[in-house]
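4 is the number of the first residue of the sequence shown in this note's numbering; add one for each residue after it.
Where a beta carbon is used, it is the ideal one built from N, C-alpha and C, also for glycine.
The structure appears right after this line, and notes come after that.
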Amino acid sequence: MKTRLLRSILPAAALFLAFSCAQEEFVPDTVQEEPVFYGNDIIRADLELSSSTTRTALESDSSTVVWSKNDAISMLSSTGTNSKFTLVEGVGATSASFAGTLEGTAPYTALYPYAEEAGLSGGSLVFKLPHEQTYESNSFGIGASPMVAYVENESSPLQFRNLCGMVCIKLQAKSSPKISKIVIRDLGGNMLWGNCVVAIDGKQGTSEQTMSIIDGTNEVVLNIPSGVSLLPATPKKFYIAVPAGSFDRGFSVSVYDNTGALYSIFQTQNPSAKIERSMISNMVPLLITPKTEPSNPMLRGYYKDLFMNGGLSLTSRTVLPACPYIGWDYEFFATQGTATAVDTAVQKAIFTKADDDLNGYLLYPDRAPRFRVFYCNGGNSREHGKSLAAAGRKTIYDFVYNGGGYVGTCAGAFIACKGYDKNENYSYYTKIFPGHMYHTGISKDTTDMAMPADCPLRRYFTFGETVNRIYHNGGGYMSEAAEHTVAGTEILLRYTNCPSGKTSNNGKVSGWAYKPNNNAGRMVLLGSHPEGVTSGERRDLFAAMLMYAADGHGDVKVKTTLEKGVEYDCSQLSSKNTPLHARIGDKQYHHFKVSVPAGAENIRFELASEAMDDDLYLSVRKADFAWFSDADYTLTGSGTNKELNIKKMEAGDWYVSVYAPNTVTATLATYDSSGKHYKYTGDTSLLDGIPYSIKVDWD
């Protein structure tokens, strides 16, 4: 069924469910020509007249609804038949004639739109309320809003009445994004689609109707097939039909752009948002701003993609060409040629702790990785390991074994190992890879590297049998000796075409990967130097190494299972060494689970914090981790204190998440003329984390 817009001079007591705006008229697709009969019976049908103006926060919309070509209704008899009647006269009018073959006996219940699966059971009308609706400009989707009529005999005209209400969302945006989809969710747990049951007791289609929905969810989707561009100054209207009684505890709206990615999300918990039957609830126009997260869940919950280590005794690289090539955001630390006291202080702040960051820049307060991948440059692995001290080496170890990826080239590969050459257990190495490296004896020259046909690096780029002319300067190879073998190590590359006099290195392992367990990240190590190359296969090789390390991140972890009525504390600083109760860092997630028993009602999720100037999100989801962009229930408003009160939830395990969306401002700073690192400003208290507690309870 389509709607026609009438000019705003129409009386307020206009018909429900088409929406007027001044100087605009929506005309039906076609004008009805000669009647086409679809059966032997003709039924007259009238649409409901509104008794008052539509409900709105700021304005009233005059509205009407008219019949359209191809409209059809179900005629359900007392004996169980469902006859389809199709419109034959009355296009563009509020009264119409429908033709069909009437089966069964009176009384009859009529349903718009026609639904083949609709029926009568135990004195109730049963039909499917759709999960998805389709956008119509200044109107609601065809067939989105069901109506019902009841007659004692076939000669009586049908007086259709609305079963649902309508919400009008008004959006604008400065960046003029093109919107492809809107998802609206009921924050109180009311089902917005599913199998609908309406008692046929004379109260149907009134404020006293008995209507329930089962086997559905609390969300409804408005698809916008051709997309709609939001404007900076003029709100666009989007109408969505929802069951009466919905939104009595608020609702959330997720807006998706034309790539299918989340553009923004917002909520209201105002009980006055409750939907009334046959009424339009108009939202105040809202200027939305981007509130996004990556569409790939494995990219979520990190501050940035990569940190590049050019610390003491390492190459002081400031550009990593592969990162912009694959779209990664990264930071780095590059020391001066001759180490100074400032170099040492900056390195300590990054790897150990700073005045404003007790856990260092690489880790969150619970010692989870703050970056997705850590890259270590070449240089002098032994001296760099010493300069890190035990605390710095432990930071790298925790980074990897708590889920972060690691890539090391030359010295960056050596320092990851347990030992080198004849030194079986070198004290100043990180030992994240419990294997061994030997020096090749090749300096300031190049080698080729053979890549097996099944090498996982081929997932990312196209490579030939070998990657040629990779620079090598004092690097090494992985020992394959029995005493050094590490189960689970993947051989990625082998040296070939080594320089004259060093051909004994041909066939030795030049690149390998290792992932200790599901909780740890993957390390990808290489004895040579492709990292500075700006184009071609060598650049692609290094980019593939980064991507393979990132794809091997540790499993997302649940901190604990929340118990009914028990407050769980996450207020501890990292110095307390209680990671399960540590604060949450910038752009970090904390995940929990809760088991909701059958029969639980008014399930309350409470997030509390004394950090009143910060922001935290609270999300709940049944099927998987509760990322805020995918959750069944999400609160993303400003402030740290949140409460969700859901009437009923499906029994079983639910995921709960807390997310800290804000972060610091990172600015590249130069010190002592040539040293470079990123200096953090803004709300640097985020580095030590936001303290909070979380509790779930129910009746």
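Beta-bridge pairing of residue i - partner residues as DSSP gives them
i	result
GLN591	Looking at the DSSP assignment, GLN591 forms no beta bridge with any residue, so it has no partner.
LEU174	LYS239, LEU289
HIS442	GLY479
ARG164	VAL151
ASP700	ARG607
VAL201	LEU128, MET214
GLY122	VAL129
ASP360	ALA357
GLN136	LEU225
LYS679	ALA337, THR673
Which of helix, strand or coil DSSP assigns to residue i
i	result
ARG188	strand
ASP346	helix
THR581	coil
MET652	coil
PHE466	coil
LYS351	helix
ARG303	coil
ASN312	strand
GLY83	coil
LYS389	helix
THR112	strand
TYR674	strand
HIS487	helix
ASN426	strand
ALA244	strand
SER622	strand
LEU366	strand
CYS573	strand
ILE278	coil
ARG375	strand
Straight-line Cα distance separating residue j from residue i
i	j	result
ASP251	ASP218	20 Å
LEU114	MET194	20 Å
ARG370	CYS326	25 Å
TYR378	GLY568	44 Å
ASN73	SER86	15 Å
ILE435	TYR404	8 Å
THR643	VAL151	45 Å
GLY588	LEU689	6 Å
TYR474	THR355	32 Å
ARG385	ASP448	22 Å
CYS501	SER178	54 Å
ALA348	ASN580	23 Å
ASP451	VAL512	12 Å
ALA414	ASN380	7 Å
THR687	LEU576	14 Å
ILE227	LYS184	5 Å
PRO274	ASN648	12 Å
ARG586	LEU619	12 Å
Within 8 Å, strictly: CB atoms of residue i and residue j
i	j	result
TYR367	GLN591	yes
GLY438	THR492	yes
TYR710	ALA629	Coverage of the chain is limited to positions 4 through 702, which leaves residue 710 absent and any answer about it impossible.
SER81	PRO110	yes
GLU613	TRP701	no
GLY363	HIS556	no
ILE46	LEU123	no
THR564	LEU583	no
GLY382	LEU323	no
MET286	LYS397	no
Cβ-based burial, residue i [other Cβ within 10 Å; buried from 16]
i	result
ASP627	exposed
PRO293	exposed
LEU290	exposed
ASN312	buried
GLY340	exposed
SER507	exposed
GLU27	Below a pLDDT of 50, predicted positions are generally treated as unreliable, and GLU27, at 26, falls in that range; no measurement from the model is reported.
LEU50	buried
ASN165	buried
ASP704	Past the edges of the chain, shown from 4 to 702, lies residue 704, and the structure says nothing about it.
HIS134	exposed
LEU621	buried
GLY602	exposed
THR112	buried
LEU234	exposed
Proximity test, residue i beta-carbon vs the ligand NAD heavy atom, cut-off 7 Å
i	result
LEU132	Only the bare structure without any ligand can be found here, which leaves the ligand NAD out of the picture.
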